[in-house]
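For the sequence shown, the working numbering gives the first residue as 127, with consecutive numbering after it. Just so you know, even glycine gets a beta-carbon here, dropped at the ideal spot from N, CA and C. From a predicted model like this one, the values you see are computed outputs, not experimental measurements. In what follows, a single structure is set out as structure tokens and then discussed.
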Amino acid sequence: MLRTISMLKSLKPCLNLCRFAHVIPEHLKGIAESKNPEFSAMIQYYFHNAAQIMEKDMIEYLGKYPQMKPEEKENRVAVILNMIGNTSCCLEINFPITKNDGKYEIITGYRAHHTYHRLPLKGGIRYAMDVDLDEVKALSYLMTFKTACVNVPFGGAKGGVRIDPKTYSARDLQRITRRYTTELLKRHMIGPGIDVPAPDYGTSAREMSWLADQYQKTFGYMDINALAIVTGKPIHNGGIRGREAATGKGVWKATDMFLNDEDWMKLVGLKTGWKNKTAIVQGFGNVGSNTAKFVHESGCKVIGIKEMDCSLFDQKGIDIPALIEYKNLKNTIKGFPKSKETTNDLLIEKCDILFPCATHKILNADNANKVQAKIISEGANGPTTPAADKILKEKNVLMIPDLFCNAGGVTASYFEYLKNINHVSFGKLSSKRDQRMIDELLNSITESLQEGGKCLKMRPNEALQELRDCNTEAEIVDYALQFVMETSAIGIMETANKYELCNDLRTAAYIWAIWKIFMTIESSGLSM
Ligand code: GLU
Numbered sequence: 127m128l129r130t131i132s133m134l135k136s137l138k139p140c141l142n143l144c145r146f147a148h149v150i151p152e153h154l155k156g157i158a159e160s161k162n163p164e165f166s167a168m169i170q171y172y173f174h175n176a177a178q179i180m181e182k183d184m185i186e187y188l189g190k191y192p193q194m195k196p197e198e199k200e201n202r203v204a205v206i207l208n209m210i211g212n213t214s215c216c217l218e219i220n221f222p223i224t225k226n227d228g229k230y231e232i233i234t235g236y237r238a239h240h241t242y243h244r245l246p247l248k249g250g251i252r253y254a255m256d257v258d259l260d261e262v263k264a265l266s267y268l269m270t271f272k273t274a275c276v277n278v279p280f281g282g283a284k285g286g287v288r289i290d291p292k293t294y295s296a297r298d299l300q301r302i303t304r305r306y307t308t309e310l311l312k313r314h315m316i317g318p319g320i321d322v323p324a325p326d327y328g329t330s331a332r333e334m335s336w337l338a339d340q341y342q343k344t345f346g347y348m349d350i351n352a353l354a355i356v357t358g359k360p361i362h363n364g365g366i367r368g369r370e371a372a373t374g375k376g377v378w379k380a381t382d383m384f385l386n387d388e389d390w391m392k393l394v395g396l397k398t399g400w401k402n403k404t405a406i407v408q409g410f411g412n413v414g415s416n417t418a419k420f421v422h423e424s425g426c427k428v429i430g431i432k433e434m435d436c437s438l439f440d441q442k443g444i445d446i447p448a449l450i451e452y453k454n455l456k457n458t459i460k461g462f463p464k465s466k467e468t469t470n471d472l473l474i475e476k477c478d479i480l481f482p483c484a485t486h487k488i489l490n491a492d493n494a495n496k497v498q499a500k501i502i503s504e505g506a507n508g509p510t511t512p513a514a515d516k517i518l519k520e521k522n523v524l525m526i527p528d529l530f531c532n533a534g535g536v537t538a539s540y541f542e543y544l545k546n547i548n549h550v551s552f553g554k555l556s557s558k559r560d561q562r563m564i565d566e567l568l569n570s571i572t573e574s575l576q577e578g579g580k581c582l583k584m585r586p587n588e589a590l591q592e593l594r595d596c597n598t599e600a601e602i603v604d605y606a607l608q609f610v611m612e613t614s615a616i617g618i619m620e621t622a623n624k625y626e627l628c629n630d631l632r633t634a635a636y637i638w639a640i641w642k643i644f645m646t647i648e649s650s651g652l653s654m
């Protein structure tokens with residue numbers, strides 16, 4: 127289906143047409159205009175907005191129960207939507223630690239479970255000063271939608287500890303992580319079949335290996351699946367190759383899917399492909415640096431990097447591999463000798479693609495009007511407020527939404543989880559056999575042809591060669607990750623077409639995800 131800007135204008139009224147009875151709850155009414163909405167209200171708003179559009183189809187779907195009265199169907203849909211619209215469980219814990227310097231401190235931590243329609247639940251643990259109940263709730267909702275969006279069979283959860291990790295020694299961080307783990311374990315909040323954390327803002331493989339070790343040495347000492355309590359672990363401790371770069375790889379792949387689609391590019395007035403395009407990346411942590419790396423490798427010029435302490439700008443393109451090396455060494459991008467620092471706000475600088483890869487609400491009512499990018503790929507969770515979302519859609523910007531765009535991390539987490547519960551790494555048992563099978567298949571064809579008097583030698587074409595040589599864990603994970611992103615992108619594109627949503631990919635992704643959650647809850651009999 128060809129989309130054009132004139133079509134976008136003519137289709138705008140459709141956005142409000144297909145509404146049924148589901149209403150946006152009272153407390154979310156002002157969110158669409160709010161300058162600084164509560165994070166959880168923001169995600170709830172996006173959910174209810176999509177739910178309104180699809181409610182009619184959900185009720186129609188219940189036509190499979192001929193004996194059900196219309197009010198019963200409406201009621202059933204309303205109950206399910208209300209379940210999805212609320213948090214099932216949220217825990218706040220406070221515990222003391224003795225720091226390295228002998229001082230005591232009370233630490234506050236959280237874990238939120240969204241819905242239990244699929245177990246285990248899944249979601250990261252962040253260490254940051256802005257972590258609170260509202261934030262972990264919001265992020266747990268987003269995890270439910272994210273996992274459903276990419277068909278990864280987990281429910282949504284999120285946790286965090288309100289600390290600035292930069293101000294603690296490694297020993298103190300280990301103490302905090304172990305104690306936080308114990309507190310969650312005591313309350314059955316985490317476990318390989320309950321809720322499986324992963325790294326997030328301010329945490330990494332290091333914290334995950336402390337968490338796994340704490341479980342193995344205490345509550346999980348007899349659990350053969352103990353390593354599956356957490357993902358994002360170091361490779362030598364049950365982790366999987368490709369997990370660390372997976373979120374960035376997924377952000378790249380999500381963008382790539384739209385960037386190579388002629389219709390979508392026509393809609394925003396761009397040519398297809400990465401070449402001759404410019405990008406700005408906000409955040410240069412795990413997600414931002416890996417995104418920048420893959421974008422740079424594709425031939426797109428990364429002209430700006432915005433970090434908290436400094437921004438770099440170079441119209442000719444920043445040397446991303448050198449910058450990654452520099453940051454690994456210095457722990458900051460400040461002082462990078464190959465590019466100039468700038469005080470300009472790079473979020474509103476001219477570029478083709480903007481990658482917000484740090485934190486939430488950075489695109490809001492105050493700056494959305496000034497954004498010049500044509501595509502925004504959300505590497506972070508919740509970077510765009512509903513008010514900004516509206517402004518940017520009207521400006522014809524294509525936003526590739528967080529629940530799809532940054533789902534590469536949890537997808538690779540799923541592979542790690544499978545590796546842990548299967549106790550075997552991908553490719554270990556079958557790679558050699560599969561490779562041999564392809565070679566022998568070609569040999570058999572060659573021999574058969576020779577018997578028939580012909581002397582042709584069968585050779586694998588490029589695609590078959592690629593498949594034959596996809597043997598190692600890293601290659602298999604990368605292949606599977608790209609496949610997951612591809613199929614989800616197609617699902618979202620089709621949903622956008624079906625509901626005539628034009629450039630509103632966020633609503634399309636929510637609808638695409640909510641359908642699956644709805645079906646799971648509906649078919650389980652609603653008795654959880
Ligand atoms: N923290 C990541 C996210 O927000 C990964 C979660 C996971 O792997 O469980 O998607």
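- Sequence-distant Cβ neighbours of His-239 in its own chain, meaning closer than 6 Å and more than five residues away, are Ser-214, Cys-215, Leu-247 and Ala-283.
- DSSP, read as helix, strand or coil, puts Asn-532 in coil.
- Scanning Lys-476, Ile-444 and Asp-290 for the CA closest to the CA of Lys-464 turns up Ile-444.
- If you check the CB distance, Cys-483 and Ile-429 do not come in under 8 Å.
- DSSP, read as helix, strand or coil, puts Met-525 in strand.
- With respect to the C-alpha of Thr-417, the residue from Gly-328, Ala-533 and Val-205 having the closest C-alpha is Ala-533.
- For Lys-466, the enclosing beta strand (DSSP E) has its first and last residue at 466-468.
- Listed as beta-bridge partners of His-486 by DSSP are no residues whatsoever.
- Comparing alpha carbon positions, the residue from Val-523, Glu-475, Glu-433 and Tyr-636 closest to Gly-461 is Glu-433.
- Pairing Gly-211 with Phe-271 gives a Cβ-Cβ distance that is not under 8 Å.
- Ile-459 is positioned such that its CB atom lies closer than 8 Å to that of Leu-438.
- For Cys-216, the secondary structure class from DSSP, reduced to helix, strand or coil, is strand.
- When C-beta atoms of the stretch 634-642 are compared with those of the stretch 521-530, three or more pairs fall below 8 Å, so the two segments count as touching.
- Annotation: the continuous alpha helix (DSSP H) that includes Ala-606 extends over 599-624.
- Scanning its chain for C-beta atoms nearer than 6 Å, with the 5 sequence neighbours on each side dropped, one finds around Met-383 the residues Ala-615, in chain order.
- The distance from the Cβ of Thr-485 to that of Ala-506 is about 6 Å, consistent with a contact at the 8 Å cut-off.
- Beta-bridge partners of Ser-503 (DSSP): Ile-526.
- For Thr-485, the CB stays at least 7 Å from every heavy atom of the ligand GLU.
- Remark: C-beta atoms of Ser-166 and Ala-513 do not approach each other more closely than 8 Å.
- Around the CB of Ala-296, fewer than 16 other CB atoms lie within 10 Å, so the residue is classed as exposed.
- Under the three-state reduction of DSSP, Ile-366 is assigned to coil, being neither helix nor strand.
- Annotation for Gln-340: the continuous alpha helix (DSSP H) segment containing it runs 331-343.
- With a cut-off of 7 Å, the C-beta of Thr-344 is classified as distant from the ligand GLU, since no heavy atom of the ligand falls inside that distance.
- By the neighbour-count criterion, in which 16 or more other beta carbons inside 10 Å mark a residue as buried, Ser-570 falls on the exposed side.
- Considering only Phe-221, Gly-228 and His-243, the residue with the shortest C-alpha distance to Gly-235 is Phe-221.
- Using a 10 angstroms sphere on the CB of Gln-441, the tally of other CB atoms stays under 16, which defines it as exposed.
- In this structure Ala-352 is in contact with Gln-342, their Cβ atoms being roughly 5 Å apart against a cut-off of 8 Å.
- Only residues of its own chain outside the window of five on either side were considered, and among them Ile-361, Thr-598, Glu-599, Ala-600 and Val-603 have a CB closer than 8 Å to the CB of Arg-367, listed in chain order.
- Any heavy atom of the ligand GLU counts here; residues with a Cβ closer than 5 Å to one of them, in chain order, are Lys-248, Gly-250, Ala-324, Asp-326, Gly-535, Val-536 and Ser-539.
- Around the CB of Pro-291, 16 or more other CB atoms lie within 10 Å, so the residue is classed as buried.
- DSSP places Ile-643 inside the alpha helix (DSSP H), whose first and last residues are 631-649.
- Remark: C-beta atoms of Lys-375 and Leu-607 approach each other more closely than 8 Å.
- Contact between Cys-436 and Glu-475 does not hold, since their C-beta atoms are separated by about 15 Å, which reaches or exceeds 8 Å.
- Here Lys-155 has no same chain residue with a Cβ atom under 6 Å from its own Cβ, once five neighbours each way along the sequence are excluded.
- Distances from the alpha-carbon of Lys-401 to those of Leu-188, Thr-469, His-422 and Asn-175 put His-422 closest.
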